[in-house]
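Asks:
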Amino acid sequence: MNAQEEGTEEENPYKQFSFVYIDHEAADAVDIISQRLKDMKDDADQYGNSYIFYLSNGSEPIIVKYNMGKDATDDFNKLLGELNNAIFHSVDPQTDMDTILKLLLENDFLDEKGNLKNYLSVMDFYVGADFWTLGYNESILAKLYFLFDVPSLEESAKANGKEFIFRVNASKGNYPKYKEGMPFGEKNLDGVNRVMILQY
Numbered sequence: 061m062n063a064q065e066e067g068t069e070e071e072n073p074y075k076q077f078s079f080v081y082i083d084h085e086a087a088d089a090v091d092i093i094s095q096r097l098k099d100m101k102d103d104a105d106q107y108g109n110s111y112i113f114y115l116s117n118g119s120e121p122i123i124v125k126y127n128m129g130k131d132a133t134d135d136f137n138k139l140l141g142e143l144n145n146a147i148f149h150s151v152d153p154q155t156d157m158d159t160i161l162k163l164l165l166e167n168d169f170l171d172e173k174g175n176l177k178n179y180l181s182v183m184d185f186y187v188g189a190d191f192w193t194l195g196y197n198e199s200i201l202a203k204l205y206f207l208f209d210v211p212s213l214e215e216s217a218k219a220n221g222k223e224f225i226f227r228v229n230a231s232k233g234n235y236p237k238y239k240e241g242m243p244f245g246e247k248n249l250d251g252v253n254r255v256m257i258l259q260y
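Under the working numbering, the first residue of the sequence shown carries the number 61, and numbering increases by one thereafter.
Set out below in structure tokens:
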């Protein structure tokens, strides 16, 4: 029996909530992304952590709320199948912004006072080289960074014995607008260049 089915189990005081955004480009290492998603699912099943998996797909993003009520195993497997069988998925920045904000505000991210609900809250983004080429690093990532005031969330989380992570995982490739340590440009946009960039 996994955590999704154990409705009566005592809630984990160290619960993690993660939002995982996936930008799927033709050149991405899909096998690596798929394995990471499977590891997250296993984590949710074992420890009761909650995940929202978001595959950007134009005006119809593919969304799975895992460990957030009903059993979403079939939905998760469908997302994996879509990720592995399609060559790529397009990005609609406005759709993504509108949908991401709604998802985070309606679910387990913040409480009514704007504080983080969970012991550990993570916003994880898996993106490819075209994300920078097309300016989505500014129209999606930087916008979310400022809308949620990431530095303030990090500080308030720390003050309350919690942790907040805003992390970008970039596939290996040519990033024409990405300089090491300056993913959003040389102006630094009020500190947004401090965002953690990891290559996978």
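All residues carry an ideal CB built from backbone N, CA and C; glycine is no exception. This one's a predicted model, so the numbers in the text were calculated from it and none came from an experiment.
Between glutamine 154 and phenylalanine 191, what straight-line distance do the alpha-carbon atoms span, to the nearest angstrom?
Replies: Approximately 14 Å, taken between the alpha carbons.
Asks: At the level of alpha carbons, what is the spacing between tyrosine 74 and aspartate 171?
Replies: When rounded, the distance between both Cα atoms is 16 Å.
Asks: Might you give, ordered along the chain, the residues of its own chain that have their beta carbon closer than 6 Å to the beta carbon of aspartate 88, omitting 5 neighbours on each side?
Replies: Cβ within range, chain order: Gly188 and Ser231.
Asks: Return the first residue and the last residue of the beta strand (DSSP E) that isoleucine 123 is part of.
Replies: From DSSP, the beta strand (DSSP E) with isoleucine 123 extends over 122-126.
Asks: Give every residue of the same chain whose Cβ lies closer than 6 Å to the Cβ of asparagine 185, excluding the five residues on either side of it in the sequence, and list them in chain order.
Replies: Correcting the residue identity first, residue 185 is phenylalanine in this sequence and not asparagine. Tyr81 and Val228.
Asks: May I have the straight-line CA-CA distance separating proline 236 from leucine 194, to the nearest angstrom?
Replies: Below a pLDDT of 50, predicted positions are generally treated as unreliable, and proline 236, at 47, falls in that range; no measurement from the model is reported.
Asks: In whole angstroms, what separates the C-alpha of tyrosine 111 from that of methionine 100?
Replies: Taking the straight line from one Cα to the other gives about 8 Å.
Asks: Once the 5 residues before and after leucine 115 are set aside, which same chain residues still bring their CB inside 7 Å of it?
Replies: Correct list, in chain order: Ile82, His84, Pro121, Ile122, Leu139, Glu142, Leu143 and His149.
Asks: Less than 6 Å between C-beta atoms, sequence neighbours within five positions excluded: which residues of the same chain meet that for serine 119?
Replies: For serine 119, where only same-chain residues beyond five positions count, the Cβ hits under 6 Å are Asp152 and Thr155.
Asks: Verify whether the separation of the beta carbon atoms of lysine 222 and leucine 176 is less than 8 Å.
Replies: In this structure, leucine 176 lies closer than 8 Å to lysine 222 by Cβ.
Asks: Can you round the beta-carbon distance between phenylalanine 113 and asparagine 178 to whole angstroms, since I take them to be within the 8 Å contact cut?
Replies: Going by Cβ atoms, the distance from phenylalanine 113 to asparagine 178 rounds to 17 Å, so no, they are not a contact pair.
Asks: Once DSSP output is grouped into helix, strand and coil, what is the label at glutamate 214?
Replies: Note: glutamate 214 maps to helix in three-state DSSP.
Asks: The beta strand (DSSP E) with phenylalanine 185 in it runs from where to where?
Replies: From DSSP, the beta strand (DSSP E) with phenylalanine 185 extends over 180-187.
Asks: Locate the alpha helix (DSSP H) running through isoleucine 147, then write down its first and last residues.
Replies: Here isoleucine 147 belongs to no alpha helix (DSSP H), and DSSP marks it neither H nor E.
Asks: Going by beta-carbon coordinates alone, are methionine 128 and aspartate 168 separated by less than 8 Å?
Replies: In contact: methionine 128 and aspartate 168 (Cβ atoms closer than 8 Å).
Asks: According to the neighbour-count rule (16 or more other Cβ atoms, all chains shown, within 10 Å of its Cβ), is serine 181 buried or exposed?
Replies: Serine 181 should be labelled buried.
Asks: Is the Cβ-Cβ distance between leucine 213 and phenylalanine 206 less than 8 Å?
Replies: Contact: no.
Asks: Following the continuous alpha helix (DSSP H) through leucine 115, name the residue where it begins and the one where it ends.
Replies: Note, leucine 115: premise wrong, no alpha helix (DSSP H); beta strand (DSSP E) at 110-115.
Asks: Suppose you measure from the CA of aspartate 158 to the CA of glutamine 106; what does that come to, to the nearest Å?
Replies: Between aspartate 158 and glutamine 106, the C-alpha separation is close to 31 Å.
Asks: Looking only at its chain, what residues have a beta carbon closer than 8 Å to the beta carbon of alanine 295, apart from the 5 residues adjacent to it on each side?
Replies: For residue 295 there is no data in the structure shown, the boundaries of the chain being 61 and 260.
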